[in-house]
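Structure record follows, encoded as structure tokens.
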Amino acid sequence: MIKLFTWNLDNSQVPPPELFNDTMFQFNVEMNSAVILQCKCKSIKPASIKWFRQTNDDDDVDEPHSYNEIKYFENFYQPLPQVGLKMLDDNLYLSKLTISNVTEEVSLYVCVCLSYSHSFSFRNFTIRAKKPKSLHDMMLDNDEEETEVELTHDD
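If you count the sequence shown from 1, position 155 lands on 299 in our numbering, and the numbers rise without skipping.
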């Protein structure tokens, strides 16, 4: 005799993971510099953190640009290689994404905390990069700061 058991799981009672606001999510850096993004979440169920980079162009394209991009509402996102996940405490997870060479004027990244209860939360990160000042520009800035000029004339 074989007995068959069926379990009906109701995940509606499990809240989605909670993302913490204790880290920066907007960065202003110089071009070609490094940035570390941190995503910390708390989840009652075991969780994982995934990172994505927004890949929208100025084109009005409705299809992904490559086979591994996903579309969420009107935006396209490329999944990034898996980075380490550290369990800080019971139900508290941390993931850090290092961008070693910022090359775009504006870059948008997203961390997604996925719970095994099939719920998720996400946070957007914005990186704005400016070109580093040239030596000439720095010298001009220094000249502008000097407001007193003493002129002498020898006869």
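We treat Cβ as the ideally placed atom computed from N, Cα and C, and that holds for glycine.
- Restricting attention to beta strand (DSSP E) runs no shorter than 3 residues, the stretch 228–283 encloses them at 229–233, 236–243, 250–259 and 264–274, ordered along the chain.
- Within the same chain, no Cβ atom closer than 6 Å to the Cβ of residue 217 is found once the five residues on either side in sequence are excluded.
- In this structure the stretch 155–171 does not touch the stretch 220–234; the number of beta carbon pairs closer than 8 Å is below three.
- Distances from the CA of residue 196 to each of 234, 229 and 266 were compared; the closest alpha carbon is that of 266.
- Apart from the 5 residues on each side of it in sequence, residue 232 sits with its Cβ closer than 8 Å to the Cβ of 184 and 238 in its chain, given in chain order.
- Taken atom to atom, the span from the alpha-carbon of residue 264 to that of residue 182 is near 17 Å.
- Counting every other CB atom within 10 Å of its CB across the protein chains shown gives residue 194 a total of 16 or more, marking it as buried.
- With fewer than 16 neighbouring CB atoms inside 10 Å of its own CB, residue 260 falls in the exposed class.
- Pairing residue 234 with residue 191, the inter-Cα distance amounts to about 11 Å.
- When rounded, the separation of the alpha-carbon atoms in residue 275 and residue 175 is 5 Å.
- Contact between residue 242 and residue 178 holds, with the beta-carbon distance rounding to 7 Å and staying under 8 Å.
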